[in-house]
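A.B. asks: One structure coming up, written as structure tokens, with questions to follow.
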Amino acid sequence: MPKVGMKPIRRKALIDATIAEIGQTGSLDVTVGQIAKRAGMSSGLAHHYFGGKEQMLLAAMRQILTNLQLRVRTNLRHAETPLQRVHAIIEANLDACNFDPDVVASWLTFYVQAQNSAEAQRLLHVYARRLYSNLVVNLSHLLEQPHAEHTARGLGAMIDGIYIRHALEHNAPNRDQSVEIVRDYLDLQLSKIRDQ
237 MPKVGMKPIR
247 RKALIDATIA
257 EIGQTGSLDV
267 TVGQIAKRAG
277 MSSGLAHHYF
287 GGKEQMLLAA
297 MRQILTNLQL
307 RVRTNLRHAE
317 TPLQRVHAII
327 EANLDACNFD
337 PDVVASWLTF
347 YVQAQNSAEA
357 QRLLHVYARR
367 LYSNLVVNLS
377 HLLEQPHAEH
387 TARGLGAMID
397 GIYIRHALEH
407 NAPNRDQSVE
417 IVRDYLDLQL
427 SKIRDQ
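Numbering (this note's numbering), first residue to last: 237 to 432.
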């Protein structure tokens, strides 16, 4: 079995520490030193692997987005009908691992970072376009195109909104309740449009 070098291990430790440190502070007001300390290494080593705090934050978001994409692909493999595929996308986007308080805090700081960072904005755009296109492709088998697009925008807004609520409210819906709320919206849209 090939040996894993220290570089990927240390990079992962720094990414995990970045997510945890953001979760602890709830903001972008973290330093490379704090992140490095949490990862058990020096600030100099952290700078060596990432160059600076913004690159660490972007790497953390890339990791979260990669995990999300893998969850979507896994869920879609088990879905056969267009409706099952839409449900699979909803459930992947509201996966239990995304309800970890540190991950929720990272999402919120990512949105804030996207206001001033072109790279964060690009990553956010990729995430939003991927969610929207995955939903539209499958909803278009259930609804006419304009209704599929409208419903996809609503589902995306609800998913993002749930995480904002989860970050800001102590009694926000849990993961199962959140999935049920989004599915109820989907069912309402499907029945409303079919009844027209």
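The C-beta atom is built at its ideal place from N, Cα and C for all residues, glycine as well.
With a threshold of 8 Å on Cβ separation, who are the neighbours of L330 within its own chain once the five nearest residues in sequence on each side are excluded?
C.D. replies: Hits under 8 Å: I395, I398, R411, S414, V415, V418.
A.B. asks: Using only the alpha-carbon positions, how far apart do P238 and L378 sit?
C.D. replies: Confidence at P238 is low in this model, with a pLDDT of 46, below 50, so the placement of that residue should be treated as unreliable; the coordinate-derived value is given next. Spanning the two alpha carbons is a distance of roughly 48 Å.
A.B. asks: Report back the beta-carbon spacing between K340 and A403 to the nearest angstrom; my notes put them in contact at under 8 Å.
C.D. replies: Checking the sequence, you will find Val at residue 340 rather than Lys. V340 to A403, Cβ: 5 Å. Contact.
A.B. asks: Which of the three DSSP states is assigned to E405 in this structure?
C.D. replies: The answer is coil: DSSP assigns E405 none of H, G, I, E or B.
A.B. asks: I think H300 touches S353, with their Cβ atoms under 8 Å apart; what is that distance to the nearest whole Å?
C.D. replies: In the sequence on display, residue 300 carries Ile and not His. So it is not a contact: roughly 16 Å between Cβ atoms.
A.B. asks: When the Cα atoms are used, what is the spatial distance from L293 to G259?
C.D. replies: Rounded to whole angstroms, L293 to G259 spans 12 Å at the Cα level.
A.B. asks: Can you tell me whether R307 is buried or exposed? The criterion is at least 16 other CB atoms within 10 Å of its CB, across all chains shown.
C.D. replies: Buried, because 16 or more other Cβ atoms sit within 10 Å of the Cβ of R307.
A.B. asks: So T310 is in the alpha helix (DSSP H); what residue range does that whole segment cover?
C.D. replies: Run containing T310: 289-313, per the alpha helix (DSSP H) assignment.
A.B. asks: So, using beta-carbon positions, are R389 and Y368 closer together than 9 Å?
C.D. replies: Yes, they are a contact pair.
A.B. asks: For the candidate residues R365, T302, Q349, whose alpha-carbon lies nearest to that of C504?
C.D. replies: With the chain represented from 237 up to 432, any question about residue 504 goes unanswered, as that position is not in the structure.
A.B. asks: Taking 9 Å as the cut-off, decide whether the C-beta atoms of L312 and I326 are in contact.
C.D. replies: Taking 9 Å as the Cβ cut-off, L312 and I326 do not qualify as a contacting pair.
A.B. asks: Buried or exposed: which applies to R365, given that a residue is buried once 16 or more other Cβ atoms fall within 10 Å of its Cβ?
C.D. replies: Result: exposed.
A.B. asks: Apart from the five residues on each side of it in sequence, which residues of its chain come closer than 7 Å, Cβ to Cβ, to R321?
C.D. replies: Around R321: L312, A315, N374.
A.B. asks: Looking only at its chain, what residues have a beta carbon closer than 8 Å to the beta carbon of D338, apart from the 5 residues adjacent to it on each side?
C.D. replies: Closer than 8 Å at the Cβ level, and outside the excluded window around D338, lie I255, A256, I258, G259, Q260.
A.B. asks: By the DSSP assignment, the alpha helix (DSSP H) with F346 in it spans what residues?
C.D. replies: Per DSSP, F346 belongs to the alpha helix (DSSP H) from 337-349.
A.B. asks: Evaluate V362 with the Cβ neighbour count: other Cβ atoms within 10 Å of its Cβ, from every protein chain shown; 16 or more gives buried, anything less gives exposed.
C.D. replies: Answer is exposed; the Cβ neighbour count stays below 16.
A.B. asks: Taking the continuous alpha helix (DSSP H) assigned at S369, which residues delimit it?
C.D. replies: S369 -> alpha helix (DSSP H) spans 354-375.
A.B. asks: Excluding the five sequence neighbours on either side, which residues of its own chain have a C-beta within less than 6 Å of the C-beta of L424, listed in chain order?
C.D. replies: Contacts found: none.
A.B. asks: Could you please give the first and the last residue of the uninterrupted alpha helix (DSSP H) stretch that includes G280?
C.D. replies: Start and end: 279-286.
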